[in-house]
Amino acid sequence: MAHLFNRNILLGISGGIAAYKSAELVRQLRERGATVRVIMTRGAREFITPLTLQALSGNPVHTELLDTEAELGMSHIELARWADLLLIAPATADLLARLASGRADDLLTTVALATAAPLLLAPAMNQQMWRDPATAANMDTLRSRGCQVVGPASGEQACGDVGPGRMEDPQAIAAAAAGLFENGLLAGKRVVITAGPTREALDPVRYISNHSSGKMGYALAQAAIDAGAQTTLVSGPVNLAAPSHARLLPVESASQMLDQCLQLLPECDIFIACAAVADYRPASVEQQKIKKGPEQITLQLVRNPDIVATVAASEPRPFTVGFAAETTALLAHAQDKMLRKGLDMIVANDVSDRSIGFNSDNNEATVLWPGGEQALPLTGKGAMARMIVELIAKRLDSQ
Ligand code: PMT
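For the sequence shown, my numbering gives the first residue as -8, with consecutive numbering after it.
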């Protein structure tokens, strides 16, 4: 099934009896992974309520062009920019005529003019109206401007007529929408990425942590999204905004990160462990702030669970990728970690070099897998993440 992960679909509904089928269409689009916003014309609201579409889409429904409050929320220009696709279903004869003549007399037609997104139309009307030369001419005009069309289907109509004009089935419309997008290297895959540091509490105000900024993990999330994957970031505390379309699950400690990752396992095809997880945590967390006292105190630490090794040993297991942050014998240590932790691939980076690795914008790495390796030259973390995603896709293909 072609997917719509990471796609913003703006669904325009105009006033025809087929508007009731748009509720199912919203469900179908979301099932394929799309984020859906709905614009309804005044006519559409005679057939189905905005509340229904709001509940199904999970977003407020847009209805008015000249409404200051609505424009404050998300203006028609913002809606036009937000959309990756403007899908109009049903598209009535009147709506097609207004689109063909370039009218901007309500929110839907205005957004249609203002958007650079492709336009997909699902016409629906009485068979005689569909056959009318005026409608045929409008369709020719719209097609010649690059509009895509799905349907109409033929059959018995609500008015009792039989012929072409029924809105295509929601499933077929959602499939047509998905078919308009190129599918990326990880299309339809569910990717979980750990990123950033963990914090291991000593007392209510202090913790043990490290210098991971999250930049590498967040860049991987962006690259996975660009490759068409449904992407979840399990992130320790960082000062970065999550890429749009990523599901962000913030955690603090290694145990919280492990719990979160294990919960996600049933919906994970690829697991990438980029987080700098603390190997040890304090044996006990003081309930009150530790007071200054003797010249020396001793901290007792205990081993944290190994998240990536636990994931790699789970059943069924995702394709599991680890990182190796090393300061000596980079490749030997990375190879050893890959075997010990049971990984499908490991990205080895030298963190003794301050210009790459922790908290830098750049990285240089060697990716290892059983029976192969590839050096990735010094570059920005965005470009590095795209190369890693390409290698993961290749390895998955060859399995
Ligand atoms: O966040 P940035 O500032 O962009 O920096 C990026 C980075 C240097 C943190 C990143 O490129 C990197 O190397 N991440 C792995 C850091 C690390 O903890 O490496 P490690 O060699 O100690 O661990 C090996 C692997 O086991 C890693 O995939 C790690 O996520 C995982 N691990 C480690 C310990 C543990 N308890 N659980 C784990 O899952």
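In this text, a Cβ means the ideal position worked out from N, Cα and C, and glycines have one as well.
Every value quoted in this text rests on a predicted model; they were computed, and no experiment measured them.
Option nearest residue i by Cα separation, candidates the options
i: Val338; options: Ile39, Arg122, Val358 and Leu70; result: Val358
i: Gly227; options: Ala237, Cys259, Thr185 and Leu382; result: Thr185
i: Phe314; options: Leu44, Gln287, Gly348 and Met(-8); result: Gly348
i: Val182; options: Ala210, His202, Thr222 and Pro195; result: Thr222
i: Ser383; options: Ala366, Asp335, Ala105 and Tyr11; result: Residue identity check: residue 383 is Ile in the sequence provided, not Ser. When each option's Cα is compared against that of Ile383, the closest is Asp335.
i: Thr43; options: Asp327, Ala366, Gly371 and Val17; result: Val17
i: Thr101; options: Pro161, Arg72, Gly156 and Lys282; result: Arg72
i: Leu177; options: Asp217, Leu239 and Ala210; result: Asp217
i: Ala245; options: Ala264, Leu231 and Gly137; result: Ala264
i: Leu90; options: Cys138, Val312 and Arg238; result: Cys138
i: Arg122; options: Gly170, Asp75, Leu110 and Thr83; result: Thr83
i: Gly64; options: Arg28, Ile39 and Pro124; result: Arg28
i: Ala167; options: Ala316, Pro109 and Thr189; result: Pro109
i: Gly362; options: Gln390, Gly175 and Phe172; result: Gln390
i: Asn230; options: Ala61, Asp388, Pro188 and His(-6); result: Pro188
i: Val140; options: Ala9, Glu147, Ala113 and Ser235; result: Ala113
i: Ile199; options: Tyr271, Asp160 and Arg136; result: Tyr271
i: Ala192; options: Ser66, Asp85, Thr301 and Gln279; result: Gln279
i: Ile261; options: Gly179, Gly154 and Leu290; result: Gly179
i: Gly24; options: Arg(-2), Arg36, Ala10 and Thr40; result: Arg(-2)
i: Gly175; options: Glu364, Val268, Met158 and His(-6); result: His(-6)
i: Arg157; options: Glu173, Gln287, Ala232 and Gln119; result: Gln119
i: Glu355; options: Met375, Ser343 and Glu364; result: Met375
i: Asp152; options: Asn117, Thr319, Glu381 and Pro51; result: Asn117
i: Val196; options: Gln45, Glu277 and Ala267; result: Glu277
i: Ala88; options: Met130, His67 and Glu60; result: Met130
i: Leu171; options: Ala323, Asp75, Ser235 and Glu62; result: Asp75
i: Thr54; options: Glu69, Ser13, Arg94 and Gly3; result: Gly3
i: Ala237; options: Ala220, Gln365 and Glu159; result: Ala220
i: Met(-8); options: Ala14, Ala165 and Ala61; result: Ala165
i: Asp10; options: Ser346, Glu37 and Gly208; result: Before going further, note that residue 10 is Ala rather than Asp in the sequence given. Measuring from the Cα of Ala10, the nearest candidate turns out to be Glu37.
Closer than 8 Å to chain D by CB, residue i
i: Leu253; result: As a matter of chain content, chain D is missing from the structure shown, which is built from one protein chain.
Assigned exposure category for residue i - 16 Cβ within 10 Å defines buried
i: Cys150; result: exposed
i: Ser5; result: buried
i: Arg331; result: exposed
i: Ile79; result: buried
i: Ser145; result: exposed
i: Ser48; result: buried
i: Pro285; result: exposed
i: Gln463; result: The shown model of the chain, from -8 to 390, leaves out residue 463, and the question about it has no answer.
i: Leu77; result: buried
i: Gly7; result: buried
i: Ala147; result: Per the sequence shown, residue 147 should be read as Glu rather than Ala. Glu147 should be labelled exposed.
i: Gln213; result: buried
i: Val299; result: buried
i: Asn350; result: exposed
i: Lys282; result: exposed
i: Asp327; result: exposed
i: Asp97; result: buried
i: Pro257; result: exposed
i: Leu99; result: buried
i: Ile288; result: exposed
i: Leu211; result: buried
i: Ser204; result: buried
i: Leu57; result: exposed
Identified DSSP bridge partners for residue i
i: Ile0; result: Val27 and Leu76
i: Ser244; result: Per DSSP, none; premise fails for Ser244.
i: Phe314; result: Val338
i: Phe262; result: Val183 and Thr311
i: Leu239; result: Leu224
i: Val153; result: Glu147
i: Leu82; result: Sequence check: residue 82 is Ala here, not Leu. DSSP, once it has assigned bridges, lists Pro114 as partnering Ala82.
i: Val140; result: Leu112
i: Ala267; result: Pro188
### Message
For a minimum of 4 consecutive residues, which ranges assigned as the alpha helix (DSSP H) are wholly contained in the segment 170 to 212?
### Response
none
### Query
What are the start and end residues of each continuous beta strand (DSSP E) run of 3 or more residues lying completely inside the segment 8 to 56, in chain order?
26 to 31
### Task
Just list the beta strand (DSSP E) runs in the segment 269 to 310, keeping only unbroken ones of 3 residues or longer that don't cross its boundaries, in chain order.
271 to 273 and 292 to 294
### Task
Scan the segment 326 to 388 and note each continuous beta strand (DSSP E) run of 3 residues or more that stays entirely inside, going in chain order.
336 to 341, 353 to 360 and 363 to 371
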